[in-house]
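**Student:** Following this message is one structure expressed as structure tokens.
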Amino acid sequence: EAQVTQNPRYLITVTGKKLTVTCSQNMNHEYMSWYRQDPGLGLRQIYYSMNVEVTDKGDVPEGYKVSRKEKRNFPLILESPSPNQTSLYFCASSTLAGVTDTQYFGPGTRLTVL
Amino acid sequence: RKEVEQDPGPFNVPEGATVAFNCTYSNSASQSFFWYRQDCRKEPKLLMSVYSSGNEDGRFTAQLNRASQYISLLIRDSKLSDSATYLCVVNLYTGNQFYFGTGTSLTVIP
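From first to last, the protein sequence lines are chains A and B. If you read the first sequence in my numbering, its first letter stands for residue 1, the second for the next number, and so on. If you read the second sequence in my numbering, its first letter stands for residue 1001, the second for the next number, and so on.
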């Protein structure tokens, strides 16, 4: 089954404790992206990647890191989480040729930083 | 100024009604346009892309007006299953960045 998976689905942590949210897709997509969703603000793009070893900042990259060492994986790293990073996070992927077409989203990761 | 703006609603309509959502975008360099549907904080799913000539998929019709920089979604003969949040999405092709509206909430009432 074609899908985007994220882990963990739920995470409660404390300020300053480094964490990684994993994202993996099995569709051989070149384009992958991370978003956060907050009430009243909608989805905002954090980082995106056009291919392996190619990453770019989105609208709200501060406080986040990403890496793209393999085509299928695109982890999101919070080196020192803060309460304002409490949010619902979505990973998404699409074909490069279809980067202007369908994005497939993972199920989301609900993060709470205390 | 937000890249994409939508009326958040909520829209509460009876079954069988026709409902229309509008969305405006600020960047004239925007290249691609979409409507996504999101159910109750689940992942967004593509409803339809929006083409310059307008396009229709069953009960759903999408229109793009580049001159006025807005896109619209029309839902005819609303079903209970149409209840969801509808997200307007714009892509700046030069940067491969996506901008989402905050979403319009629709509830279809029996």
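Even glycine gets a Cβ: it sits at the ideal position worked out from N, Cα and C.
Which ranges does the beta strand (DSSP E) cover as unbroken runs of at least 3 residues, wholly within the segment 1061 to 1090 of chain B, from first to last along the chain?
**Tutor:** Those beta strand (DSSP E) runs which fall completely within the segment 1061 to 1090 of chain B and span 3+ residues are 1070 to 1075.
**Student:** Quick one: any contact between the segment 1061 to 1073 of chain B and the segment 84 to 95 of chain A, if contact means 3 or more CB pairs under 8 Å?
**Tutor:** No, the segment 1061 to 1073 of chain B is not in contact with the segment 84 to 95 of chain A.
**Student:** Return the residues of the segment 36 to 48 of chain A that lie within a Cβ-Cβ distance of less than 7 Å from chain C, sorted by chain order.
**Tutor:** No chain C appears in the structure shown, which is made up of the protein chains A and B.
**Student:** When DSSP builds the beta bridges, which residues end up paired with V1050/B?
**Tutor:** V1050/B pairs with F1033/B.
**Student:** Tell me E53/A's beta-bridge partners as DSSP assigns them.
**Tutor:** E53/A is not bridged to any residue.
**Student:** C91/A: buried (16+ other C-beta within 10 angstroms of its C-beta) or exposed?
**Tutor:** Buried.
**Student:** Assign P8/A to one of three DSSP states: helix, strand, or coil.
**Tutor:** Coil.
**Student:** Closer than 8 Å by C-beta to E70/A: which residues in its own chain qualify, once you throw out the five before and the five after it? Chain order, please.
**Tutor:** Only V52 meet the Cβ criterion.
**Student:** I want to know whether the segment 1013 to 1030 of chain B touches the segment 1088 to 1108 of chain B - three or more CB-CB distances under 8 Å.
**Tutor:** The segment 1013 to 1030 of chain B vs the segment 1088 to 1108 of chain B: in contact.
**Student:** Tell me the DSSP bridge mates of I77/A?
**Tutor:** Paired residue(s): T20/A, K65/A.
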